[in-house]
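So for the sequence shown, the numbering used here puts the first residue at 22; every next one is plus one. For each residue, glycine too, the CB sits at the ideal point set by N, CA and C. Below is one structure, written out as structure tokens; the observations come after it.
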Amino acid sequence: MSLSHYGVWKDEEFDFVLNQMEDLHLNTKNALIEWYNENSDIKNITAKYHEIFTPNSTIHTKEKLFGLELMISWLIGGLKTSGYIE
Numbered sequence: 022m023s024l025s026h027y028g029v030w031k032d033e034e035f036d037f038v039l040n041q042m043e044d045l046h047l048n049t050k051n052a053l054i055e056w057y058n059e060n061s062d063i064k065n066i067t068a069k070y071h072e073i074f075t076p077n078s079t080i081h082t083k084e085k086l087f088g089l090e091l092m093i094s095w096l097i098g099g100l101k102t103s104g105y106i107e
């Protein structure tokens, strides 16, 4: 596996990185689905996402979530297209 900025991973390192990425993917996907079903407001979903998954981000801070809102909107659209949410 070759990751931008992080080099090539193989053997046990590949398995470790893949497992970590899979866990993060499933956790974020399931959280987005749950939060959307509770309250489909993108601002609320974005605030929860930031608080749980990226609280220490220097790019998306609590005061500057607009870029993250755009990404969350895109992810929600993908989940709708995939049939995970209505």
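With 16 other Cβ atoms within 10 Å as the buried cut-off, status of residue i
i           : result
residue 56  : buried
residue 86  : buried
residue 93  : buried
residue 46  : exposed
residue 102 : exposed
residue 82  : exposed
Candidates the options: closest to residue i by CA position
i           : options        : result
residue 91  : 43, 65, 73, 52 : 65
residue 105 : 68, 75, 58, 78 : 58
residue 63  : 88, 30, 41     : 88
residue 100 : 76, 29, 49, 28 : 49
residue 107 : 68, 61, 71, 82 : 61
According to DSSP, residues forming a beta bridge with residue i
i           : result
residue 108 : As shown, the chain starts at 22 and ends at 107. That puts residue 108 outside it, with no answer to give.
Uninterrupted alpha helix (DSSP H) stretches inside the region 32-65 (no shorter than 4 residues) = 32-59
Could you tell me whether the region 36-53 touches the region 95-104, where touching means 3 or more Cβ pairs closer than 8 Å?
-> yes
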